[in-house]
Every structure is written in C-alpha cells, then in structure tokens.
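The structure under discussion appears below in the form of structure tokens.
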Amino acid sequence: MASLPEPLAGFSADNPIDLSSKEVQERLSRSAVAAFFKLAEAWYLRDESARQLLGGVSNGFFYQLKRGSKKSLDQDKLTRISLLLGIFKALN
C-alpha cells in the first residue's frame, strides 16, 4: 500500500487539537463562527437549516452568534463546524 508523502490536510494528525479544552474553545470560537456563517451564506442556508447544522441550537443563541457575540462554542459545535468546513473544502 502506498503511503502519502505529506498529510492531505497539510498538517499532521499525530497531535490532534483537544476541542474539549476550554482554552482551545475560547481561542477557536470566533474564527469558527465566522467561517460557519460564510459557509452558510455560500450554501444559501436558511437560518433554520443553519441552526440544525449547529446541533439544533436555540433561536436566541443562534442570533447572538450571528450578531457577533463573543460566546465560546463547546466541543460539539466546534466539531460540527470543523466537519462542515471539511465537506465544503472537499466540494470546492
């Protein structure tokens, strides 16, 4: 079986990011939210569909994020956004 000379995503999976860490969650949340809303715009998602992709978050939480709230996302939401960005990258 052939091995790849470098990782496909451009970084090593030997040391995955610990999304359960509060510090990591705080550090990544703003950029993850910004990327998610750009993705939602590119895919012409309605707010209801975008809310479901984030795990069925409440209207209040969703619109706080959309208005630019500095809320920290939990591990589940960061993982969801990461997977969605991977799908987006694979399709484009």
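Residues are numbered in the numbering used here as their position in the sequence shown, beginning at 1, plus a constant of 629. Quick reminder that beta carbons are idealized off the backbone N, C-alpha and C, glycines included.
Residue of the options minimising C-alpha distance to residue i
i	options	result
Lys695	Ala669, Ile716, Leu707, Asp643	Ala669
Ser660	Ile716, Phe717, Ser711	Ser711
Lys700	Asp643, Lys651, Ile716, Asn644	Lys651
Ile716	Leu682, Arg675, Arg656, Asn644	Leu682
Gly697	Pro645, Ser658, Asn644, Tyr673	Ser658
Contacts around residue i, its chain only, beta-carbon distance under 7 angstroms, and the 5 residues preceding and following it disregarded
i	result
Gly684	Asp705, Lys706, Arg709
Presumed contact (8 angstroms Cβ cut-off) between residue i and residue j, rounded CB distance
i	j	result
Leu713	Phe665	7 angstroms
Contacting residues, own chain, Cβ-Cβ under 6 angstroms from residue i (five flanking each side not counted)
i	result
Phe691	Arg680
Nonlocal neighbours in the same chain, by C-beta distance under 8 angstroms from residue i, ignoring five residues either side
i	result
Asp703	Gln654
Ser649	Gln704
Asp647	Val653
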